[in-house]
Amino acid sequence: RLAGGHRGKQTVSIERPVAAPLRRWAARRLSVRQPSSVAAILTRLDPLPSRDRDAVMVGLLDASPQYPEEARETLISAGCEWPGGSVRWRALQLLADSGRHEDVRFRAMRDPSAKIRSWGAKLAKEAAAPRQTRLAAQVREDDATGGDLTVLQPSLFSE
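Going by our numbering, the first residue of the sequence shown is number 4, and it counts up by one from there.
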């Protein structure tokens with residue numbers, strides 16, 4: 004398509020498809036450089052195909068640690084309710100990183116995506132399992148077999 008010219012020169016613009024990973028990268032890059040552009044980016048999502056909308060939203064979520072707290076929480080909340088599973092998963096990861104593990108497990112276990120439910124079950128299993136160190140496991144094993152507990156930690160003054 005020919006566009007208007009400048010001083011007798013004409014420019015040509017060609018519409019090209021933009022792949023989803025590039026959209027993710029571009030959304031992240033633009034929102035980090037210009038945080039005020041997030042609202043404008045969100046308003047332009049409607050005409051995009053769902054895969055591209057998801058990629059843009061994940062890009063915005065990737066950049067969310069640079070946003071003010073209220074904006075980050077709003078974006079993560081929107082991401083948790085997003086139709087696309089990749090967006091919900093990224094939003095739940097960000098919630099987990101912020102230390103809201105109970106909220107993450109609750110949301111993940113009720114998610115329509117099997118991948119996210121499986122991840123939520125793994126989180127719940129990890130939370131329920133007693134955490135133990137290798138030393139504590141060795142002590143229990145030695146205690147059960149009647150072994151000598153003094154061998155676990157050598158003294159600085161042993162010969």
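For every residue, glycine included, the Cβ atom is placed at its ideal position computed from N, Cα and C.
The C-alpha of residue 98 is placed about 7 Å away from the C-alpha of residue 79.
Note on the stretch 35–119: whole alpha helix (DSSP H) runs with a minimum of 4 residues are 41–46, 53–65, 72–83, 88–100, 104–112, in chain order.
In the assembly as shown, residue 93 is a buried residue. Its beta-carbon has 16 or more other beta-carbons within 10 Å. Under a 10 Å Cβ-count criterion, residue 113 is classified as exposed, with fewer than 16 other Cβ atoms of the shown protein chains found around its own Cβ. Using a Cβ distance threshold of 8 Å, residue 27 and residue 58 count as a contacting pair. Straight across, the Cα-Cα distance linking residue 77 with residue 19 is about 32 Å. Rounded to whole angstroms, the gap between the alpha carbons of residue 25 and residue 71 is 25 Å. The beta carbon of residue 32 is closer than 7 Å to none in its chain, skipping five residues each way along the sequence.
Under the criterion of beta carbons closer than 8 Å, residue 60 and residue 90 qualify as touching, at roughly 5 Å.
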